[in-house]
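These notes are about the structure you will find just below.
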DNA sequence: ATTTTCGCTGCAAACGTTTGCGAAATTGTT
DNA sequence: AACAATTTCGCAAACGTTTGCAGCGAAAAT
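Chains as they are written, first to last, in this note's numbering: chain A, 188 to 515; chain B, 188 to 515.
Structure representation (structure tokens):
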């Protein structure tokens, strides 16, 4: 049993292939009677058009590529989820590839995308990706590329990002408003632009405060390291923890639970997060939201704008907002 | 600037298209000198073969479809992650679609897969999917279908599952060994085979025990519902909670934290989980591991077996093991 | 010198669509 | 009845590959 094709239908009905093709897409040239016969047979034969043939013929794949370091990450996850949904809604398919933060796999993935003649690409580059020429070359063949989250520094490309500096500033201001006195701020990998931006915005905002807040900063590149760091700094009796990311937050929370501290009576916590993790705890953790869902929607609309003919290169950011739990 | 094709290369080099095609795939018929010229030009022209044309011609898409209720779920996530990796390693691409537990979207996704002439399909059906004919029809056109995790009851299909009954039995035995007396067991959607299996295995194992354990079972289809249920049953002073899934676990944990109970002194907890969530808490939650990664690898090898010609219908399970935290 | 062999290359069909163009059948107009 | 207009349909080319087969020139064998 093989796949049904236009040819097969045409032979059964004694009509030409082109008539079948037109009938199935409700072309005005075809009479209603014929259309009906064709549609009927097509459904009983379970006809599904061959996307490869269509793409080849029309050179319009209706397929987006998406390259991301890892799909098992709550932020990327929600990003992907929303892009996938938007794509389907708009009649596009999505090909999702993960690079594992390996630039060479990134290139392999890019090749795969090109071979499948994607209509557009969403990509979050790995920290070690220095040369983005391969990506920029897509533009020469008129394939829009939207960089998201971790974006290259080049000005010559479309980017959508969360507001790194702003979100850290919002968190800092929330801490100031609550009149906290001694803050331990934990950050991630200092190689990343995102860390440096958040670090700078956070410390400047805190230090701008007139009656000084005591600020202790530290770094961790894993949840376990964050736990250690938090345990260490708990000895200095801070009243607040600021966690730059979910990874840092989970480590910090383990330290707090380990010490049997009550939130927010014994210690306050605020984080920058996608929102999933903070809601797991009781009381729920106050966080500055950097929504993967929203970023996905923004990326998608940016993509559609490019496909609509906009050659305007732009860098977009989604605003952050404070989601108040009861941890601060 | 348009895409490079074999034709373009052939015209520049004054060779035929077939020669270019053969040269690029190192066919013995072609002389080394010619091969070298061709390969050289192809790389400078950034040639990438058109996958659509190849698929059309060879009717072998090297593309797998994967339909899952949601990609933002730690279990499916690790499943997808491992299938994606295996696919890439073996020269296949992966098209990931989410159904949002909506059977009609599931059908849309299935159509998309068929239109793209996938080589095989991995699918986790939604709880409301009653009719799986559309999936079984793929087998008639020789497209292997591997059902995973939430699988239909039909015997006429390939399934890979976590050891549902076994994992629940292991959890029950762990509870028995710890000499618990009063257990609240929370389960998910009763429409699902997985729920019924776990329910049955758990209750029988508990009830086999000579000196009776008091067992209270309840159901919840969301984390919030689980929290409510846990809160309700806490009034009956159980000494142990059994949570069938991560979703149930997070709800239960919120209830426990809300009441300020200490684990394991005031209350014990054991869950069936992928492992990510249990490790977020302190003390870490004891769980029976059902690994998405392992299931992914199993599903993939099962797929490869089908493609290798095995028509042997089988139901495979990955074994579970108890990962001891300090919550029991 | 003729045949055989062998290395290299090209021809052409096929995969399943879409679509411009022309042709036949039907209808309407005078 | 003759012709124009309209409706309905088919032809054939094209998209970019792969691949069986045949062709051709030159070296090797007879």
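No residue lacks a Cβ here, since even glycine has one placed at the ideal position from N, Cα and C.
Per-residue burial, residue i [other beta carbons within 10 Å of its own, 16 or more giving buried]
i	result
residue 427 (chain B)	buried
residue 367 (chain B)	buried
residue 274 (chain B)	buried
residue 194 (chain A)	exposed
residue 223 (chain A)	exposed
residue 389 (chain B)	buried
residue 465 (chain A)	buried
residue 285 (chain A)	buried
residue 355 (chain A)	buried
residue 278 (chain A)	exposed
residue 256 (chain B)	buried
residue 247 (chain A)	exposed
residue 313 (chain B)	buried
residue 517 (chain B)	Any answer about residue 517 (chain B) is impossible in this case: the structure gives chain B only from 188 up to 515.
residue 385 (chain B)	buried
residue 497 (chain B)	exposed
residue 391 (chain B)	exposed
residue 322 (chain A)	buried
residue 336 (chain A)	buried
residue 364 (chain B)	exposed
residue 370 (chain B)	buried
residue 469 (chain A)	buried
Beta-carbon gap between residue i and residue j smaller than 8 Å
i	j	result
residue 393 (chain B)	residue 359 (chain B)	yes
residue 485 (chain B)	residue 508 (chain B)	no
residue 236 (chain A)	residue 493 (chain A)	no
residue 253 (chain A)	residue 334 (chain A)	no
residue 517 (chain A)	residue 511 (chain A)	The shown model of chain A, from 188 to 515, leaves out residue 517 (chain A), and the question about it has no answer.
residue 433 (chain A)	residue 420 (chain A)	no
residue 515 (chain A)	residue 407 (chain A)	no
residue 242 (chain B)	residue 239 (chain A)	yes
residue 373 (chain A)	residue 431 (chain A)	yes
residue 319 (chain B)	residue 341 (chain B)	yes
residue 258 (chain A)	residue 267 (chain B)	yes
residue 270 (chain B)	residue 487 (chain B)	yes
residue 221 (chain B)	residue 231 (chain B)	no
residue 251 (chain B)	residue 479 (chain B)	no
residue 228 (chain A)	residue 199 (chain A)	yes
residue 462 (chain A)	residue 474 (chain A)	yes
residue 454 (chain B)	residue 472 (chain B)	no
residue 435 (chain B)	residue 375 (chain B)	yes
residue 460 (chain B)	residue 477 (chain B)	yes
Bridge-paired residues (DSSP) for residue i
i	result
residue 475 (chain A)	A:459, A:509
residue 371 (chain B)	B:403, B:428
residue 349 (chain A)	A:505
residue 285 (chain A)	A:255
residue 280 (chain A)	A:250
residue 317 (chain B)	DSSP, once it has assigned bridges, lists no residue as partnering residue 317 (chain B).
residue 381 (chain A)	Paired residue(s): none; residue 381 (chain A) is not in a bridge.
residue 310 (chain A)	A:254, A:334
Amino acids of chain A, ordered along the chain, whose beta-carbon sits closer than 8 Å to that of residue i
i	result
residue 268 (chain B)	257, 258, 259, 285
residue 441 (chain B)	467, 468, 469
residue 324 (chain B)	233
residue 461 (chain B)	Going along chain A, no residue has its Cβ under 8 Å from residue 461 (chain B), so there is no contact; the nearest lies around 10 Å.
residue 507 (chain B)	Within chain A, no residue comes near residue 507 (chain B); the closest Cβ sits about 20 Å away, beyond 8 Å.
residue 203 (chain B)	The premise fails here: residue 203 (chain B) is roughly 21 Å from chain A at the closest Cβ pair, so nothing lies under 8 Å.
Chain B contact residues for residue i, given Cβ-Cβ distances below 8 Å
i	result
residue 265 (chain A)	259
residue 313 (chain A)	In chain order: nothing, as chain B lies at least about 15 Å away.
Partner residues on chain B for residue i, Cβ-Cβ distance less than 7 Å
i	result
residue 236 (chain A)	302
residue 437 (chain A)	467
Under 9 Å by beta carbon: chain B residues contacting residue i
i	result
residue 271 (chain A)	258, 283, 284, 285
residue 298 (chain A)	235
Where residue i meets chain A, residues with beta-carbon distance less than 7 Å
i	result
residue 514 (chain B)	Ordered by position in chain A, no residue passes the 7 Å Cβ test against residue 514 (chain B), which lies about 12 Å from the chain.
residue 240 (chain B)	243
residue 197 (chain B)	What residue 197 (chain B) touches in chain A: nothing, since even the nearest Cβ is about 18 Å away.
Residue i: CB within 7 Å of a non-hydrogen atom of the ligand COA
i	result
residue 485 (chain B)	The ligand content of the structure shown is nil, which means the ligand COA is not present either.
Contact list for residue i against chain A, beta-carbon separation under 9 Å
i	result
residue 291 (chain B)	Those do not exist, as residue 291 (chain B) stays about 12 Å from chain A at its closest Cβ, beyond 9 Å.
Inset, instruction - Could you name the residues of the segment 444-457 of chain A whose beta carbon sits closer than 7 Å to any beta carbon of chain B, in the order they occur along the chain? - result: 444, 445
Legend entry - Chain-ordered residues of the segment 482-497 of chain B with a beta carbon less than 8 Å from chain A: none
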